[in-house]
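Asks:
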Amino acid sequence: MGNPSQTAGGLESIPALLQRNAREFGSKAAYREKEFGIWQCWTWAETEKEVEALALGLINLGVNEGDFIAIIGRNRPHFYWSMVAAQSVGAIPVPLYQDSAAEEMAYVLEHCGARFAIVEDQEQVDKVIDVQERLHQFEHMIYIDPRGLRKYDHRALHEFAKVQEQGRAARDEFIQELKDRREKPKFDDQCVMLYTSGTTGKPKGVVLSNRNIIRSAQNASEFDNLGPGDEVLAYLPMAWVGDFIFSIGQAYWTGFCVNCPESPETMMIDLREIGPTYYFAPPRVFETQLTNVMIRMEDAGTLKRALFHHFMDFARTGAGEKYGMPKRSLAKPDLKRRVKQAWKFSMGVGFALEALLENAIRLFFVKLRHPIDTRDHFKARDPLGLYLYPEPVRSYFKYRMGEVLVYGPLKNTLGLSRVRVGYTAGEAIGPEIFDFYRSLGINLKQLYGQTEASVFITVQPDGEVRADTVGVPAPEVEIKITDEGRIFYRSPGTFVEYYKNPESTADTKDAEGWVDTGDAGFFEEGTGHLRIIDRAKDVGKMADGAMFAPKYVENKLKFYPDILEAVMFGNGRDHCVAFINIDLTAVGNWAERNNIGYSSYQELAGHPRVLATIQEHVEAVNRSVAEDPMLSGCQIHRFVVLHKELDADDGEMTRTRKVRRAFVADKFNDIVEALYDGSETVSTVTEVTYEDGRKGTIKATLEIRDAKVVPVEPQKVAAE
Amino acid sequence: MSVMDQETYVTADGRTIGGVLMEMRNISLRFGGVKAITDISFDIREGEIRAIIGPNGAGKSSMLNVISGFYIPQEGEVWYKGAVRPQMRPFEVARQGIARTFQNIALFEGMSVLDNVMTGRLNHMTMGLLSQAIWKGKAEQEEIENREVAEKIIDFLEIQHIRKTPVSRLPYGLKKRVELARALAAQPSLLLLDEPMAGMNVEEKEDMSRFILDVNDEFGTTIALIEHDMGVVMDLSDRVVVMDYGKKIGDGSPDEVRNNQAVIDAYLGVAHD
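Protein sequence lines, in the order shown, are assigned to chains U and W.
For the first sequence, this note's numbering begins at 1328 and goes up steadily by one.
For the second sequence, this note's numbering begins at 2 and goes up steadily by one.
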């Protein structure tokens, strides 16, 4: 490692890796997709055949080298094949977010000048047809699901299976051409183009080369010791760089199996069935899962709830970190490992019985000594403790017990039992949420990355995981931090350019290859871990000069299951205010249990008891924020519970579900003003866009609440 | 004159509608002294979506029950596939290839969605109770074949995520969809839908309309439906029968019906004397 001119053993493109995998792991599963209730499987050898047939079909349709092929749909093996087939014929795949509106698609299709699109179903076909007139170069569309498309004009519309069929039929004619084209791509040729989600402004097309993808995938796979036995579940948007790196880059490099869910709604069920060993999710997914667990525990019986809380409290004290982490280095356990697991499990069962016995004896003696107030004396100590053993043996035994009773079943329900390496990225995850998963014994780690870096900038090595840092520089990544705290990096994954946008390229990447992340951070002394403060442009100063770091406080708020999203304002002002989105699942469940009737999100969000609960949360967060002298200025003085969920269709979030802060501030300007001018209520009219692009408006009168803040001594701010 | 008189006709979206599948000839139905249906005749052709509409109490549901063979009309004949249909018991009707959904959902609440859909396949299973219990050889084979059909329909109606969920835990809109799935699982030649969109919100209605159109398009199923929502009916159906007070007051394509004075009167309310 470390030699930038080194190629990956002659494997200079994804199609070349596919050829190798078909040779070496021919009979091993490469893709699975659940269809008609059964997991359908394709081996690497079969995958190679499918990709070849499609590539021949594409040549047959007239795809030229250097063409862009748009890929629009949810994660399906067909789309992964399409991308590789496109690369095999010398074209460049451009995956798009399948839930974007026709308008957003038009921009991207026009910008890259795609001649071909491979789309999923009627919905996507309709969207592209809607904007087709504005796309001069656009020619053919290939769809996978023929349902509802029979009556469409089929001159420029082809079915995926038919294209493959024609490709197979024309094999003799085109195979030589395909081979020629497949050999051509070199390490520095274009591999894929991915559009940024665009927290600000129009999306930019990030051009990534084979070197970027393959080297990054290789380094990361070696870092985490991934092998052909691993399993992943591909459910994140295909247009996102992470999915490309994990489901194509690393999958092709190491030869592991990519599993595609049956439909977006069945993702949690499929996750359980597959039990991935390598798992990746943005914080949002972990938050939702945690919320669901908490809701279900609220509904559970007293004994189960007591057990859950008892063992979770115990695991959070650090026992999970110490005794729970999976130690195996291989995805598939060998016999020795299996015996060990069985032994551990029986130990758990044994110690659970032992604890019962021990406590029965203890109760007997307590009764002898305190005949009248037995219960109080007994309760005063841990009823599930094992008192015969000294620490740390006791904690170890207790954790084993918890593994059998709580952690194991819970991990199984979440579908995370087999996870060996799990990552969260994209946004900062709330420390409480992070600790919850870690203490269950799931090796969840954080990484810090960008599309422009082919994901990896820093990662957390096993055993050095903390909630507040993002880890050490990934292999072959160099990082420098300027005096103002801005983070720059340089790595083999550094992108080639922004397509048709040399000014932005020059702004972001300098001649030596250093790329500006736009984030602010610093290296922690002693450990060498990078800490991200915030998006550099989000971190601000309040009127009195105190630091304003919205993400930090928002994450604290989002730990409460009731709160789905929070947006804080306060840059340049004398105090902070916040917008809050309630979580309909959690609050709806609470309302049901408390006999509170509601007919809509808006009504529930405005319910006085909901507001009171949220107020308690805000005040609790204020207390916790006040403890940090640096950030005590960020306490929330006033807040409002919004009448609608922030949504990507309305432009308030990106398609990867990050809040577009400036956009929100602008759109709800009237509410922000009302929060600052001291009024009790605010009436507002909001425009909403439905999924199919139609628009409507919501009128609402929102109640503004004051939250108690902890008074703090005026800060001595570092000399400014 | 209108589409009514031709052997076959082509719809606005280019489907060719075939010959007569079912014909009502001068049907009258009474409950004691109450005349529910008075002398109604119309036909349902192969491959079309036929709607029966009318204000409350017009006799629509009675009409559907006559079509499904549940009510026996006092007068008139029901012709099905070119022959007069004799009086039949409900399961015989089902065997003839008629399936229906109900206005107030009639699913097996305690069973999972998949099991409910599988009940729709019962008429296609021939093995006896004993061999199904032992579940070896042919019985297993048969179950697998039928499960495949059921799974295709589950996929078609996009209810994969609730496959194993007990029906009692589902919201109303999904229950309706499950009911449609069960009816479709029987692979009927005539599908009767009793107010498929009653009590749904706009989004659910749109989804349901989409599914009805897709069912008709993909499987070529003939569909007869009763519906309250005029807008939906006019968009969905190829031909519409309008009933009021047990009588037929209009019949024809949605446009013809929309401009029919009697229909307008019935809906907007004109004093009946």
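Note that beta-carbon positions come from the ideal geometry of N, C-alpha and C, so glycine has one too.
Using a Cβ cut-off of 7 Å, pull out every chain W residue sitting near G1475 of chain U, in sequence order please.
Replies: Residue numbering aside, residue 1475 of chain U sits at position 148 when the first sequence is read from its first letter. What G1475 of chain U touches in chain W: D215 and D218.
Asks: Tell me which residues share the same chain as F109 of chain W and place their Cβ nearer than 8 Å to its Cβ, disregarding the 5 neighbours each side in the sequence.
Replies: In the second sequence, residue 109 of chain W corresponds to position 108, counting from 1. Result list for F109 of chain W: D116, N117, T120 and V168, in chain order.
Asks: Give me the DSSP bridge partner(s) of C1584 of chain U.
Replies: Taking the first sequence and counting its residues from 1, the one referred to as residue 1584 of chain U is at position 257. In the DSSP output, where bridge partners are listed per residue, C1584 of chain U has U:E1558.
Asks: In the structure shown, what three-state DSSP assignment does M1328 of chain U receive?
Replies: By one-based count along the first sequence, residue 1328 of chain U stands at place 1. Note that M1328 of chain U scores a pLDDT of 38, beneath 50, so its modelled location is shaky; the value from the coordinates is reported in the next line. Residue state, collapsed to three classes: coil.
Asks: Any idea if Q1491 of chain U is buried or exposed, counting beta-carbon neighbours within 10 angstroms, 16 or more meaning buried?
Replies: In the first sequence, counting from the first residue as 1, residue 1491 of chain U sits at position 164. Buried, because 16 or more other Cβ atoms sit within 10 Å of the Cβ of Q1491 of chain U.
Asks: When you compare the CB positions of T2016 of chain U and A1428 of chain U, do they come within less than 9 Å of one another, or not?
Replies: Counting from one through the first sequence, the residue named residue 2016 of chain U turns up at place 689. Counting from one through the first sequence, the residue named residue 1428 of chain U turns up at place 101. Against a cut-off of 9 Å, the Cβ pair of A1428 of chain U and T2016 of chain U comes out as a contact.
Asks: Label N57 of chain W either buried or exposed according to how many other C-beta atoms from any shown protein chain fall within 10 Å of its C-beta, with 16 as the threshold for buried.
Replies: For the purposes of this step, residue 57 of chain W is taken as the residue at position 56 of the second sequence. Per the 10 Å Cβ criterion, exposed.
Asks: How would you write the range of the alpha helix (DSSP H) that N1348 of chain U sits in, first residue to last?
Replies: Sequence index remark: in the first sequence, residue 1348 of chain U carries index 21 (1-based). Note, N1348 of chain U: alpha helix (DSSP H), I1341 to E1351.
Asks: Determine whether the beta carbon atoms of S62 of chain W and Q104 of chain W lie at a separation below 9 Å.
Replies: As a working mapping, residue 62 of chain W is identified with position 61 in the second sequence. As a working mapping, residue 104 of chain W is identified with position 103 in the second sequence. Cβ atoms of S62 of chain W and Q104 of chain W: closer than 9 Å.
Asks: Fully enclosed by the region 1489-1555 of chain U, which beta strand (DSSP E) runs are 3 residues long or longer?
Replies: As far as the region 1489-1555 of chain U is concerned, its whole beta strand (DSSP E) runs of at least 3 residues are 1517-1522 and 1532-1536.
Asks: With DSSP as the reference, label V242 of chain W as helix, strand or coil.
Replies: In the second sequence, the residue the question calls residue 242 of chain W occupies position 241. Strand, per DSSP.
Asks: Taking 9 Å as the CB-CB cut-off, is Q161 of chain W touching chain U?
Replies: Residue numbering aside, residue 161 of chain W sits at position 160 when the second sequence is read from its first letter. Cβ-Cβ to chain U under 9 Å: yes for Q161 of chain W.
Asks: Is there a C-beta anywhere in chain U that falls below 9 Å from the one on I155 of chain W?
Replies: For the purposes of this step, residue 155 of chain W is identified with residue 154 of the second sequence, where counting begins at 1. Output row for I155 of chain W: interface = yes.
Asks: In or out: E1589 of chain U buried (at least 16 other Cβ within 10 Å) or exposed?
Replies: Taking the first residue of the first sequence as 1, we reach residue 1589 of chain U at position 262. Buried, since its Cβ has 16 or more Cβ neighbours within 10 Å.
Asks: Here's a check: name, in chain order, each residue in its chain whose Cβ is nearer than 7 Å to the Cβ of V258 of chain W, leaving out the five neighbours to either side.
Replies: Here residue 258 of chain W refers to the residue found at position 257 of the second sequence. The residues are V241, V243, G251 and V264.
Asks: Would you say the region 1835-1849 of chain U touches the region 1914-1923 of chain U, given that touching needs at least three Cβ pairs under 8 Å?
Replies: Contact fails: fewer than three Cβ-Cβ distances are below 8 Å.
Asks: How about I1995 of chain U and T2011 of chain U: do their beta carbons lie closer than 9 Å?
Replies: Sequence index remark: in the first sequence, residue 1995 of chain U carries index 668 (1-based). Sequence index remark: in the first sequence, residue 2011 of chain U carries index 684 (1-based). In the sequence on display, residue 1995 of chain U carries Phe and not Ile. Yes, the pair counts as a contact, with Cβ atoms nearer than the cut-off.
Asks: Using a C-beta cutoff of 9 Å, does L1973 of chain U count as contacting chain W?
Replies: Working through the first sequence from its first residue, we reach residue 1973 of chain U at position 646. Not one chain W Cβ lies under 9 Å of L1973 of chain U.
Asks: Could you pull the start and end residues of the beta strand (DSSP E) that V79 of chain W belongs to?
Replies: Translated into the one-based positions of the second sequence, residue 79 of chain W becomes position 78. Unbroken beta strand (DSSP E) run through V79 of chain W: E76 to Y81.
Asks: For chain U, find out if any of its Cβ atoms is closer than 9 Å to the Cβ of L115 of chain W; answer yes or no.
Replies: In the second sequence, the residue the question calls residue 115 of chain W occupies position 114. Yes, L115 of chain W lies at the interface with chain U (some Cβ there is under 9 Å from its Cβ).
Asks: Once DSSP output is grouped into helix, strand and coil, what is the label at N27 of chain W?
Replies: Here the question's residue 27 of chain W lines up with position 26 in the second sequence. In the structure shown, N27 of chain W sits in a strand (DSSP, three-state: E or B).
Asks: Since P1819 of chain U and N1552 of chain U should fall inside the 8 Å C-beta cutoff, what is the C-beta to C-beta distance between them, to a whole number of angstroms?
Replies: Position 492 of the first sequence, counting from 1, holds the residue named residue 1819 of chain U. Position 225 of the first sequence, counting from 1, holds the residue named residue 1552 of chain U. Not confirmed; about 20 Å, so no contact.
Asks: Quick one, which residues of the region 1363-1396 of chain U are near chain W if we go by CB-CB under 7 Å, in chain order?
Replies: Within the region 1363-1396 of chain U, the residues whose Cβ lies closer than 7 Å to some Cβ of chain W are F1363 and G1364, listed in chain order.
Asks: List the endpoints of the continuous beta strand (DSSP E) containing S42 of chain W.
Replies: Counted from its first residue, the second sequence places residue 42 of chain W at position 41. Element bounds for S42 of chain W: V35 to R46.
Asks: For V1967 of chain U, report the span of its beta strand (DSSP E) as first-last.
Replies: Reading the first sequence from its first residue, position 640 is the one you call residue 1967 of chain U. Start and end: I1963 to V1968.
Asks: Which residues of the region 122-135 of chain W have a Cβ closer than 9 Å to any Cβ of chain U? Give them in chain order.
Replies: Under the 9 Å Cβ criterion, the region 122-135 of chain W contributes no residue.
Asks: Between the Cα of V1731 of chain U and those of U:Q1787, U:G1776, U:F1638 and U:V1914, spot the shortest distance and give me the residue it belongs to.
Replies: Position 404 of the first sequence holds residue 1731 of chain U. For V1731 of chain U, the nearest C-alpha among the options comes from U:F1638.
Asks: Check whether chain B comes within 9 Å of I1596 of chain U, counting only Cβ atoms and requiring the distance to be less than that.
Replies: Judged by its chain identifiers, the structure shown contains no chain B, and its protein chains are U and W.
Asks: Indicate the three-state DSSP secondary structure (helix, strand or coil) for S113 of chain W in the structure shown.
Replies: In the second sequence, residue 113 of chain W corresponds to position 112, counting from 1. Three-state result, S113 of chain W: strand.
Asks: Please report whether the beta-carbon of R148 of chain W lies at a distance below 9 Å from any beta-carbon of chain U.
Replies: Residue mapping note: residue 148 of chain W aligns to position 147 of the second sequence, counting from 1. R148 of chain W counts as touching chain U.
Asks: For the 8 Å Cβ check, are there 3 or more pairs between the region 2023-2030 of chain U and the region 1928-1939 of chain U?
Replies: Enough Cβ pairs lie closer than 8 Å, so yes.
Asks: Give the secondary structure of F1995 of chain U by DSSP, where H, G and I count as helix, E and B as strand, and everything else as coil.
Replies: Walking along the first sequence from the start, residue 1995 of chain U turns up at place 668. Three-state DSSP puts F1995 of chain U in coil, outside helix and strand.
Asks: Using only CA atoms, which one of W:L175, W:E219 and W:R183 lies nearest to A199 of chain W?
Replies: Position 198 of the second sequence, counting from 1, holds the residue named residue 199 of chain W. If we check each option's Cα against that of A199 of chain W, W:L175 comes out closest.
Asks: So, is the C-beta of R164 of chain W closer than 9 Å to a C-beta in chain U?
Replies: Here the question's residue 164 of chain W lines up with position 163 in the second sequence. Output row for R164 of chain W: interface = yes.
Asks: For K2043 of chain U, name the three-state secondary structure that DSSP assigns.
Replies: Walking along the first sequence from the start, residue 2043 of chain U turns up at place 716. Because K2043 of chain U carries a pLDDT of 45, less than 50, the predicted location of this residue cannot be relied on, and the following value inherits that uncertainty. Looking at K2043 of chain U - three-state DSSP - the assignment turns out to be coil, as it is neither helix nor strand.
Asks: Consider the Cβ of M2 of chain W: report whether some Cβ of chain U lies at a distance smaller than 9 Å.
Replies: As a first step, residue 2 of chain W is located in the second sequence; it is residue number 1 there, counting from the start. Low confidence applies to M2 of chain W: its pLDDT is 37, below 50, so where it sits in the model is not reliable, and the reading given next is rough at best. Chain U contact via Cβ: absent.
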